[in-house]
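Those letters in the sequence shown? Residues 61 to 210, by our numbering.
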Amino acid sequence: MRDQSLISELFTSFREVNQSFYHSMQRAGHHLGVTPIQLLVLKTLRERPQMSLSELAECLFVGPSTASGIVERMVKAKLVTRERPENDRRSISLRLTPEGEGLWVKIDERRKMMLAPLNELGEEDLNDLLRIHGRIVQILHKAREENKDE
61 MRDQSLISEL FTSFREVNQS FYHSMQRAGH HLGVTPIQLL VLKTLRERPQ MSLSELAECL
121 FVGPSTASGI VERMVKAKLV TRERPENDRR SISLRLTPEG EGLWVKIDER RKMMLAPLNE
181 LGEEDLNDLL RIHGRIVQIL HKAREENKDE
């Protein structure tokens, strides 16, 4: 078995990187009155319009009731709209309003500017990180599935 201190160091490193990204997102949205989770909703619905609430909750790694509260605040702020698809009147799909689209564009420009220093890593390093991170996610998902019943 490998030295657990390396695994612990890796975990600490991920936590620090995650916190740095979170603070960057917080700063990117703060001046426009958007929380980091709302920023993720804007990004997710921009990429996948007409998503259901349960799909959104899954993408955000939150429960349906938490996602519902977030969406409700964004509907009141006129950033998100709920629509009933013609082909399934029982379901509700979510999409950005024009105000939500415009806000995402402003925040995304600011976010890209704030993350631009990461270009110092170079394309090869970034690709290596993406490959390794993808492998870590696979390993952790597999372990979670294997230990689901415990």
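We treat Cβ as the ideally placed atom computed from N, Cα and C, and that holds for glycine.
Please read these numbers as outputs of a predicted model, since none were measured by experiment.
In this structure, Ser153 keeps its C-beta atom at 8 Å or more from the C-beta atom of Gln98.
In the structure shown, Thr104 adopts helical secondary structure according to DSSP, grouped into three states. DSSP, reduced to helix, strand and coil, places Leu139 outside both helices and strands of the structure shown, so it counts as coil.
CA-CA distance, Gly93 to Thr104, rounds to 18 Å. Remark: fewer than three beta-carbon pairs, one from each stretch, lie closer than 8 Å, so the segment 109-126 and the segment 169-187 are not flagged as touching.
Contact between Thr157 and Leu139 holds: their C-beta atoms lie close to 6 Å from each other, under 8 Å.
Across the structure, Asn147 and Arg108 are spaced so that their CA atoms are roughly 18 Å apart. If you ignore the 5 residues before and after Gln86, its C-beta comes within less than 7 Å of the C-beta of Pro96, all in its own chain and listed in chain order.
Under the criterion of beta carbons closer than 8 Å, Leu116 and Trp164 do not qualify as touching, at roughly 15 Å. Runs of the alpha helix (DSSP H) lying entirely within the segment 110-136, each at least 4 residues long, are 113-120 and 124-136 in chain order. As computed with DSSP, Ser153 is found in a beta bridge with Ser112 and Glu143. Gly160 carries a helical assignment under DSSP once its states are collapsed to helix, strand and coil. Annotated three-state conformation of Asn207 is coil, per DSSP. Here Val94 carries a coil assignment [DSSP, helix/strand/coil]. Gly182 carries a coil assignment under DSSP once its states are collapsed to helix, strand and coil.
With 16 or more other CB atoms across the displayed protein chains lying within 10 angstroms of its CB, Leu100 is buried.
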